[in-house]
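Here this note's numbering is used: the first residue of the sequence shown is 6, the next is one more, and so on. All residues carry an ideal CB built from backbone N, CA and C; glycine is no exception. This report refers to the structure that appears directly beneath it.
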Amino acid sequence: MFGEIAKHIERRRSEGLGDDLFSDILRARLTEALDDTQITMYAFLMMLGGMDTTSGFTGNVLLRLCQDPLLRRQLIADPELIKKAPTSCCGCTHRRWPGRTVSATRSSMASRCVPAIGPS
Numbered sequence: 006m007f008g009e010i011a012k013h014i015e016r017r018r019s020e021g022l023g024d025d026l027f028s029d030i031l032r033a034r035l036t037e038a039l040d041d042t043q044i045t046m047y048a049f050l051m052m053l054g055g056m057d058t059t060s061g062f063t064g065n066v067l068l069r070l071c072q073d074p075l076l077r078r079q080l081i082a083d084p085e086l087i088k089k090a091p092t093s094c095c096g097c098t099h100r101r102w103p104g105r106t107v108s109a110t111r112s113s114m115a116s117r118c119v120p121a122i123g124p125s
């Protein structure tokens with residue numbers, strides 16, 4: 006993994022930076038430019054965070070589709086609805102725990118109350 010990140014660092018430096026997050030990390034300065042180890046660790050941390058977020062989101066979507074046959078049939082009948090799903094779920098702070106969905110704060114998801122973790 007680190008070798009792949011190193012290849013991307015070199016390629017970006019030789020071909021030019023873009024307007025993406027990885028390029029922003031390459032441009033970043035604390036008191037001076039970040040060294041390759043710092044850049045690599047930031048990139049690795051972003052990938053780890055992305056994997057957790059993606060797996061949680063995917064799990065919650067699959068659970069919802071299993072629990073709501075009508076929604077599943079609607080998505081099968083009109084696949085264009087799938088494009089709206091990520092936008093409509095943005096801002097949710099839900100985490101899947103075995104047996105239930107919980108949230109950092111009391112909230113709702115798909116018109117259902119989601120209990121908060123700990124005191125509200």
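DSSP beta-bridge partners of residue i
{"i": "Arg3", "result": "One cannot answer for residue 3 here, as it falls past the ends of the chain, which runs 6 to 125."}
Boundaries of the alpha helix (DSSP H) in which residue i is found, first to last residue
{"i": "Gly8", "result": "Phe7 to Glu20"}
{"i": "Pro84", "result": "Segment: none, Pro84 is in no alpha helix (DSSP H) and carries neither H nor E."}
Selected residue, minimal CA-CA separation from residue i, among the options
{"i": "Arg18", "options": "Val66, Asp41 and Met6", "result": "Asp41"}
{"i": "Asp25", "options": "Glu85, Gly64 and Met51", "result": "Met51"}
Same chain, Cβ closer than 8 Å to residue i, neighbours up to 5 away in sequence not counted
{"i": "Ser60", "result": "none"}
Sufficient close CB pairs (3 or more, under 8 Å) joining the segment 42-54 to the segment 9-23 | yes
Stretch pair the segment 20-35 + the segment 59-78: three plus CB contacts closer than 8 Å = no
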